[in-house]
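**Q**
There are 2 protein chains.
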Amino acid sequence: MKKTKQIILQTAKKLFTKHGVAEVSIRQIAAEMKISHSNLLYHYKNKQALLTGLHQQLLDAALVINRDFHQTDELVKALYHSTQTGFRILYDYRFFVIDLNHIMRENTKLHQTFLQIGKFRDQLYREIIAKGIEKGYMRTPEYQNEYELFLQRIRIFSDYWVASSAIYEEGNQEDIIDKYVRSFMNMFYPYLTQKGKVEYLLL
Amino acid sequence: MKKTKQIILQTAKKLFTKHGVAEVSIRQIAAEMKISHSNLLYHYKNKQALLTGLHQQLLDAALVINRDFHQTDELVKALYHSTQTGFRILYDYRFFVIDLNHIMRENTKLHQTFLQIGKFRDQLYREIIAKGIEKGYMRTPEYQNEYELFLQRIRIFSDYWVASSAIYEEGNQEDIIDKYVRSFMNMFYPYLTQKGKVEYLLL
DNA sequence: TTAATTTTAGACCAAATGTACTAAAAAATT
DNA sequence: AATTTTTTAGTACATTTGGTCTAAAATTAA
């Protein structure tokens, strides 16, 4: 990608994060970069194009997570590390989740993509749970749908922890991320077997 | 409150819900009501005043929840019913949570109020958990901070389940609410004792 | 070096928005 | 019935925004 295009995305990300997607105009981004708005428009024809570009960057960054995940046999530890990586990336692009509903509303294409990724993620966690049960890290469900309801909560947490942190937290970025990683991991704790808990408490 | 003011709030709520807070202007609300925008401005001087008014309505409606909660001795059942009531109210004012971060960003006063209510809610759930443990419905924590992390997840779920449903769900309103009530209740399940689980599974 | 292409800035436009001001109409009070 | 207050509509204005068009400048290719 051209350098200018990269700087545009970078500047857009900065302003989106600081002021919110709805509050930032093409012209403001251009002004921040000290280029004309028509020049910016030459590279990205509108705000939606910017968002699409930034979303692509986010997806590219997120690709590493899957790779990371399969590097160790210790399931809980693997989950912890891939969560940490994922959460860091998401925090960097936090404007995206903070204004998630606004963006989805205005961009049906991104909405569709997001739904697809969501299904992909659901499937991933479904497999993790299945594997966890199989390898004796997690207990079997106590009633039907127990783990499907769990998945639903995983989804909400994953999508919105950053938005929540923007409202409630202040302080060091790494501390915040770490706090939510722990909170996320703690979702799994009650479903772990003794074997799983041992590994968990060693983290 | 004057009838006109009520209609204004009602119309604002309708449009906020349909199109999002950031996307709706004073003039659009006035047009929807077929009054002049200067007339609307006479009653509410700007969008923030509208939001404050609607937020007050939401708080008034939410007051009943506490009353409801203390009507029964069966803790799990009481939690279920107050959750159901609370979720219905929140769904009615869902524009508020769907655009939560946007609103908080633009209205520091509402942000402060929101934080206070949050503390109040935290305290409420803290007491529920304490009572649950005391009465033998919930198990004691297995390690330090376990229930504080749980509270954090309760917060995220409570704040954002509506936003999540706006992205993922389509269908009947009551079904959606019911689904998320169940999902919320299921958060508690792994922390219940045998006594608690019996009551839970009877719901 | 010249020609072609890409990048940039500036001017311009129409639409929307928040806001302020004025005056008429409606309602309430005396 | 007269007057005071409240409610309403209309107008006007400055600002911002997304978007288009044109031409100059910069870069690249021949």
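Sequences listed follow chains A and B, in order. The end of the first sequence is residue 831 by my numbering, with every number in the run present. The end of the second sequence is residue 831 by my numbering, with every number in the run present. Beta carbons: idealized from backbone N, C-alpha and C, even for Gly.
(1) Could you tell me which whole beta strand (DSSP E) segments of length 3 or greater appear in the region 766 to 814 of chain A?
(2) Taking C-alpha atoms, which residue in B:G760, B:A677, B:Y817 lies nearest to Q772 of chain A?
(3) Using a Cβ-Cβ cut-off of 7 angstroms (strictly less than) and excluding sequence neighbours within five positions of L643 of chain A, which residues of its own chain qualify?
(4) Hey, how far is the Cα of Y753 of chain B from the Cα of T711 of chain B?
(5) Among the residues of its own chain, which have a CB less than 7 angstroms from the CB of D803 of chain A, if the five just before and after it don't count?
(6) Can you pull the chain B neighbours of D787 of chain A, defined as C-beta to C-beta under 7 angstroms?
(7) With 8 angstroms as the threshold, decide whether the Cβ of A650 of chain B is near any Cβ in chain A.
(8) What does the alpha-carbon distance come out to for the pair Y719 of chain B and L637 of chain B?
(9) Among B:H683, B:R810, B:M813, B:G824, which one has its Cα closest to the Cα of L728 of chain B?
(10) Going by DSSP, name the residue or residues bridged to L820 of chain A.
(11) Between the region 668 to 678 of chain A and the region 690 to 705 of chain A, do at least 3 Cβ pairs fall closer than 8 angstroms?
(12) Determine the chain A residues that contact P818 of chain B at a beta-carbon separation under 8 angstroms, and present them in chain order.
(13) If we ignore side chains and look at the alpha-carbon of each, how far apart do D787 of chain A and S792 of chain B end up?
(14) Taking a contact to mean a Cβ-Cβ separation below 8 angstroms, would you say I731 of chain B touches L738 of chain B in this structure?
(15) Along the region 668 to 694 of chain B, where does the CB come closer than 8 angstroms to a CB of chain A? Name the residues.
(16) Quick one: what does DSSP say V704 of chain B is sitting in, helix, strand or coil?
(17) I want to see whether chain B comes within less than 8 angstroms of N735 of chain A, judged by CB atoms only; does it?
(18) Applying the criterion that 16 or more other CB atoms from any shown protein chain within 10 Å of the CB defines a buried residue, is V826 of chain A buried or exposed?
(19) Give the range of the alpha helix (DSSP H) segment to which M661 of chain B is assigned.
(20) Using CA coordinates, which residue listed in B:Y765, B:Q801, B:T632, B:Q822 is at the minimum distance from R716 of chain B?
(21) Identify the continuous alpha helix (DSSP H) that holds A650 of chain A and give its terminal residues.
(22) Go ahead and pull the three-state DSSP assignment for S710 of chain B.
(23) Consult DSSP for D727 of chain B and reduce its assignment to one of helix, strand or coil.
(24) Using a threshold of 8 angstroms, state whether the C-beta atoms of G760 of chain B and L830 of chain B are closer than that.
**A** Here's the rundown:
(1) Counting only runs of 3 or more, we get nothing.
(2) In the first sequence, counting from the first residue as 1, residue 772 of chain A sits at position 144. Here the closest residue by C-alpha is B:Y817.
(3) Here residue 643 of chain A refers to the residue found at position 15 when the first sequence is read from its first residue. Closer than 7 angstroms at Cβ, skipping near neighbours: V652, Q656, I657, E660.
(4) Within the second sequence, numbered from 1, the residue matching residue 753 of chain B stands at position 125. Within the second sequence, numbered from 1, the residue matching residue 711 of chain B stands at position 83. The straight-line gap from Cα to Cα measures roughly 11 angstroms.
(5) Counted from its first residue, the first sequence places residue 803 of chain A at position 175. Taken in chain order, the list of residues that qualify is empty.
(6) Along the first sequence, read from residue 1 onward, the residue named residue 787 of chain A stands at position 159. The CB of D787 of chain A comes closer than 7 angstroms to the CB of S792 in chain B, given here in chain order.
(7) The residue labelled residue 650 of chain B in the question sits at position 22 within the second sequence. Closer than 8 angstroms: yes.
(8) In the second sequence, counting from the first residue as 1, residue 719 of chain B sits at position 91. In the second sequence, counting from the first residue as 1, residue 637 of chain B sits at position 9. Near 16 angstroms, if we compare the C-alpha coordinates of L637 of chain B and Y719 of chain B.
(9) Sequence index remark: in the second sequence, residue 728 of chain B carries index 100 (1-based). Ranked by how close their Cα comes to the Cα of L728 of chain B, the residues B:H683, B:R810, B:M813, B:G824 have B:H683 in first place.
(10) Counting from one through the first sequence, the residue named residue 820 of chain A turns up at place 192. For L820 of chain A, the beta-bridge partners assigned by DSSP are A:M766.
(11) Short answer: they don't touch.
(12) Here the question's residue 818 of chain B lines up with position 190 in the second sequence. From the beta-carbon of P818 of chain B, the residues of chain A found nearer than 8 angstroms are P818, Y819.
(13) Stepping through the first sequence from its first residue, residue 787 of chain A is reached at position 159. Stepping through the second sequence from its first residue, residue 792 of chain B is reached at position 164. Spanning the two alpha carbons is a distance of roughly 8 angstroms.
(14) For the purposes of this step, residue 731 of chain B is identified with residue 103 of the second sequence, where counting begins at 1. For the purposes of this step, residue 738 of chain B is identified with residue 110 of the second sequence, where counting begins at 1. Yes, the pair counts as a contact, with Cβ atoms nearer than the cut-off.
(15) Along the region 668 to 694 of chain B, none of the residues has a CB nearer than 8 angstroms to a CB of chain A.
(16) Along the second sequence, one-based indexing puts residue 704 of chain B at 76. Here V704 of chain B sits in helix by DSSP.
(17) Here residue 735 of chain A is taken as the residue at index 107 of the first sequence, counted from 1. For N735 of chain A, no CB of chain B lies under 8 angstroms from its own CB, so it is not counted at the interface with that chain.
(18) Translated into the one-based positions of the first sequence, residue 826 of chain A becomes position 198. Exposed, because fewer than 16 other Cβ atoms sit within 10 Å of the Cβ of V826 of chain A.
(19) Within the second sequence, the letter at position 33 stands for residue 661 of chain B. Residues 654 to 661.
(20) As a first step, residue 716 of chain B must be located in the second sequence, where it is residue number 88. Out of B:Y765, B:Q801, B:T632, B:Q822, the CA that lies nearest to the CA of R716 of chain B is found in B:Q801.
(21) Taking the first sequence and counting its residues from 1, the one referred to as residue 650 of chain A is at position 22. It is not in any alpha helix (DSSP H) - A650 of chain A carries neither H nor E in the DSSP assignment.
(22) On the second sequence, residue 710 of chain B is found 82 positions in, with the first residue counted as 1. Of the three classes helix, strand and coil, the one that applies to S710 of chain B here is helix, per DSSP.
(23) Looking up residue 727 of chain B in the second sequence gives position 99. Assigned with DSSP and collapsed to three states, D727 of chain B falls in coil, not helix or strand.
(24) If you number the second sequence from 1, residue 760 of chain B lands on position 132. If you number the second sequence from 1, residue 830 of chain B lands on position 202. No, the Cβ-Cβ distance between G760 of chain B and L830 of chain B is not below 8 angstroms.
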